[in-house]
Amino acid sequence: MSPAPLRATSRTLRPLLAPLALAVLSACAVGPDYRPPAVQAPDAFLGADHARFTTAEVQREFWRAFGDATLEELIEQALAANHDIRIATARLLEARALRGETQLDLAPTVTASGDRTESRASLRQAPPGSGIDRDQDYYQAGFDAFWELDFFGRTRRAVEARAAQADAALNGVYDAQVSVTAEVARNYFELRGDQQRLEVARRNAENQRETLRITTARLQAGRGTELDTARAQAQLSATLGTIPELEASIMRAILRLGVLTGQGPQSLLASLSQPAPLPELPATHGIGTPEALLRRRPDIRIAERELAAATARIGLAVADLFPRVSFVGRWAADASSSGDLGSSGSESYAFGPSIQWAAFDLGRVRQRILQSEAAAQGALARYERSVLRALEETDASLTDYIKALARREHLERSAAASVAAARLARVRFENGAEDFLAVLDAERSVLEAEDRLALSRTRTATALLAAYKALGGGFRPLPPGTPLARTGN
-3 MSPAPLRATS RTLRPLLAPL ALAVLSACAV GPDYRPPAVQ APDAFLGADH ARFTTAEVQR
57 EFWRAFGDAT LEELIEQALA ANHDIRIATA RLLEARALRG ETQLDLAPTV TASGDRTESR
117 ASLRQAPPGS GIDRDQDYYQ AGFDAFWELD FFGRTRRAVE ARAAQADAAL NGVYDAQVSV
177 TAEVARNYFE LRGDQQRLEV ARRNAENQRE TLRITTARLQ AGRGTELDTA RAQAQLSATL
237 GTIPELEASI MRAILRLGVL TGQGPQSLLA SLSQPAPLPE LPATHGIGTP EALLRRRPDI
297 RIAERELAAA TARIGLAVAD LFPRVSFVGR WAADASSSGD LGSSGSESYA FGPSIQWAAF
357 DLGRVRQRIL QSEAAAQGAL ARYERSVLRA LEETDASLTD YIKALARREH LERSAAASVA
417 AARLARVRFE NGAEDFLAVL DAERSVLEAE DRLALSRTRT ATALLAAYKA LGGGFRPLPP
477 GTPLARTGN
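Okay, so the sequence shown: first residue is -3 according to our numbering, each after it adds one.
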């Protein structure tokens, strides 16, 4: 095939394409240009002056502050394999692909085609001796080109909307990480807290067994009563009755952690069934400022990016008020043999502008503009709501943590006093200076005080987790250009 006709076609098109490209580059994009809304944030969080809090930046990977290797391992497993994070990552891949596809609409689209056809005429069409060849071959090859000239920014607004949606999807990954890391840590703390409560119940059950043994021996020696023995048995049975519930709660936490880490429900039974202490809380916590919070929280950034996308879609709708100008062209060659393709006389071409305009349907276009403007107003309201909720959640969670610390301190003193009182009551009973009811009351108080303390320690830890989550901690930013793993085949 001779390339000369193609060069001639390029020379013919070049004088037209240059000014068209210049016009596209200098064209404006209709519709509003997006500007992030201004938000007034308070100077400090409620309770920020507490001794535990500093204005240092929030530790994103908050779980490292507890110094618990098991917790860190569980969260690393969850970040790598949790299904909610994988779903959010797949949505990000989809959003980025949609953005890339839309960006390609700014460039010309060129498609190639070619076919070969064999045909045989009937004997009536080509009788013997007529000199007409019954077998015919037909070859055709060509290129079709299409380029929409984005004079009014329709495609650029579409790209802008897709880019904002991709940014929202990226923050969707971060938001999933925040939720999952907090959920893993909460279940882990509740697991260790329930294991501690189970230990308290079993230890108190042993003390109550000893009390029952003493009352039984006194009854057999004629110095006790059946009422004292029955009361001791009833209290022991009540304490033993709390153990199965705690064991079930421990099992639920282990099963949940197995799922959160992307494994199986029973995958962590062997490694987590062995009791371990609740991690110690850090002495201080960096909570930053409200202004930094609004920049950091992924859910706020999602709402802001969705507002940007909604604003860009207004321009997309406004662009339909104006004509859509395209440049179309076709070059083709056809011949009865492949060797003749491109020879003189086998080529044909056509090119020129194409204009589409909803000139007689502009009322419908204006209604679509109103729809997109209303959608943007709704997106703005959702953004403002997310800001207020973030500030509310943070103030509330910090307050909850402060009060949980105070409650824990009181319960620590209560538990210590209850243990001392129970020890004294038993000594006085054995010496005949106290009745048995005082011993039972004291032992019941010990169980209740120690159980309340163990539960308070767990709730204090989970209150701190809620504060970290409200502050936007718990996600690991992806460096720009980080390739994302694809799931499936």
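C-beta atoms are modelled at their ideal positions from N, C-alpha and C, and glycine is treated no differently.
>> Spatial neighbours of Glu144 within its chain, please: C-beta separation below 6 Å, excluding the five flanking residues on both sides.
In response: Closer than 6 Å at Cβ, skipping near neighbours: Ser322.
>> Would you say Ile310 lies against chain E (beta-carbon separation less than 8 Å)?
In response: No chain E appears in the structure shown, which is made up of a single protein chain.
> Going straight from the alpha carbon of Val435 to that of Thr212, what length do you get?
Replying inline: Computed Cα separation, rounded: 15 Å.
> Quick one: is Val442 buried, meaning 16 or more other Cβ sit within 10 Å of its Cβ, or exposed?
Replying inline: Of the other Cβ atoms in all chains shown, 16 or more fall within 10 Å of the Cβ of Val442; this residue is therefore buried.
>> Check this for me: beta carbons of Val174 and Lys465, under 8 Å apart or not?
In response: Yes, these two residues count as a Cβ contact at 8 Å.
>> Does Leu321 come out as helix, strand or coil in the three-state DSSP assignment?
In response: With the sequence shown as reference, residue 321 is identified as Val, and Leu is not the correct amino acid for it. For Val321, the secondary structure class from DSSP, reduced to helix, strand or coil, is strand.
> Does DSSP put Asp330 in a helix, a strand or coil?
Replying inline: Strand at Asp330.
>> Within 8 Å, do at least three Cβ pairs link the region 411 to 426 to the region 164 to 183?
In response: No, the region 164 to 183 is not in contact with the region 411 to 426.
> What residue from Gly63, Ala52 and Asp330 has the CA that sits closest to His281's CA?
Replying inline: Nearest option by C-alpha distance: Ala52.
> Of the residues Ala141, Gln36 and Thr85, which one's Cα is nearest the Cα of Pro286?
Replying inline: Distance check between Pro286 and each of Ala141, Gln36 and Thr85 places Gln36 closest, using alpha-carbon atoms only.
>> Suppose the cutoff is 7 Å on Cβ atoms and the five residues either side in sequence are ignored; what does the same chain contact list for Ser245 look like?
In response: Cβ neighbours of Ser245 beyond the five flanking positions: Asp190.
>> What residue range does the beta strand (DSSP E) around Gly348 cover?
In response: The continuous beta strand (DSSP E) containing Gly348 extends over residues Glu343 to Gln352.
> Can you tell which of Thr151, Ala234, Arg292 and Asp80 has the C-alpha that lies nearest to the C-alpha of Leu387?
Replying inline: Per the Cα distances, Arg292.
>> Using 8 Å as the cut-off, can you tell me whether the region 232 to 241 makes contact with the region 255 to 266, which would need three or more C-beta pairs spanning the two stretches below that distance?
In response: With the cut-off at 8 Å, the region 232 to 241 and the region 255 to 266 do not touch.
> What does DSSP give as the partner residues of Asp140 in its beta bridges?
Replying inline: Under DSSP, Asp140 shares a beta bridge with Thr107 and Arg326.
> Nearest to Tyr134 by alpha carbon, out of Ala159, Arg112, Thr151 and Phe147?
Replying inline: Here the closest residue by C-alpha is Arg112.
> Would DSSP call Ala112 helix, strand or coil?
Replying inline: Per the sequence shown, residue 112 should be read as Arg rather than Ala. Under the three-state reduction of DSSP, Arg112 is assigned to strand.
>> Tell me which residue opens and which closes the alpha helix (DSSP H) that Asn78 is part of.
In response: In the DSSP annotation of this structure, Asn78 is not part of any alpha helix (DSSP H), being labelled neither H nor E.
>> On the CB-based measure, 16 or more other CB atoms within 10 Å of its CB, does Phe185 come out buried or exposed?
In response: That one is buried.
>> Runs of 4 residues minimum, wholly inside the region 436 to 465: which ones carry the alpha helix (DSSP H) assignment?
In response: Qualifying alpha helix (DSSP H) stretches: none in this window.
> Based on the DSSP output, what are the partners of Thr51 in its beta bridges?
Replying inline: For Thr51, which the question treats as bridged, DSSP gives no partner whatsoever.
> Do you know whose CA, among Ala44, Pro28 and Ala306, lies nearest Asp391's CA?
Replying inline: For the set Ala44, Pro28 and Ala306, the Cα lying nearest the Cα of Asp391 is the one of Ala44.
> So, helix, strand or coil for Gly63, using DSSP?
Replying inline: Here Gly63 sits in coil by DSSP.
> Skipping 5 residues on each side, what residues in its chain have a beta carbon closer than 7 Å to that of Phe58?
Replying inline: Excluding positions up to five away in sequence, the list reads Tyr464, Gly469 and Gly470.
>> Classify Glu90: buried if its beta carbon has 16 or more other beta carbons within 10 angstroms, exposed otherwise.
In response: Counting C-beta atoms within 10 angstroms of its own C-beta, Glu90 has fewer than 16 neighbours from the protein chains shown and is therefore classed as exposed.
> Pick from Thr105, Leu187 and Asp330: whose alpha carbon is nearest that of Ser269?
Replying inline: Measuring from the Cα of Ser269, the nearest candidate turns out to be Leu187.
>> Looking at Leu274: is its Cβ nearer than 8 Å to the Cβ of Gln192?
In response: Taking C-beta atoms as the reference points, Leu274 and Gln192 count as a pair closer than 8 Å.
>> Applying the 10 Å Cβ sphere with the 16-neighbour rule, what's the burial state of Gly27?
In response: Gly27 should be labelled buried.
> DSSP three-state call for Ser22: helix, strand or coil?
Replying inline: Unreliable placement is indicated for Ser22, whose pLDDT of 48 sits below 50; the coordinate value is still reported in the next sentence. Note: Ser22 maps to helix in three-state DSSP.
> Buried or exposed: Ile351, going by 16 or more other Cβ atoms within 10 Å of its Cβ?
Replying inline: Classification for Ile351: exposed.
> So, helix, strand or coil for Gly254, using DSSP?
Replying inline: If DSSP states are grouped into helix, strand and coil, Gly254 belongs with the helices.
>> I'd like the list of long-range same chain contacts for Leu312, defined as Cβ closer than 8 Å, with 5 residues on each side in sequence excluded.
In response: Taking C-beta separations shorter than 8 Å and ignoring five residues to either side along the sequence, the partners of Leu312 in its chain run Gly27, Arg150, Arg153, Ala154, Ala157 and Ser368, following chain order.
>> Can you give me the C-alpha to C-alpha distance between Pro38 and Tyr30, rounded to a whole angstrom?
In response: So the alpha carbons of these two residues sit roughly 25 Å apart.
> When the distance is taken between beta carbons, is Asp140 closer than 8 Å to Arg326?
Replying inline: Contact: yes.
> Ordered along the chain, which non-local residues of its own chain (more than five positions away) have a Cβ less than 6 Å from that of Arg301?
Replying inline: So the qualifying residues of the chain are Ala160, Asp163 and Ala164.
> Is Arg360 buried or exposed, if buried means 16 or more other CB atoms sit within 10 Å of its CB?
Replying inline: Exposed is the label assigned to Arg360, since fewer than 16 other Cβ atoms lie within 10 Å of its Cβ.
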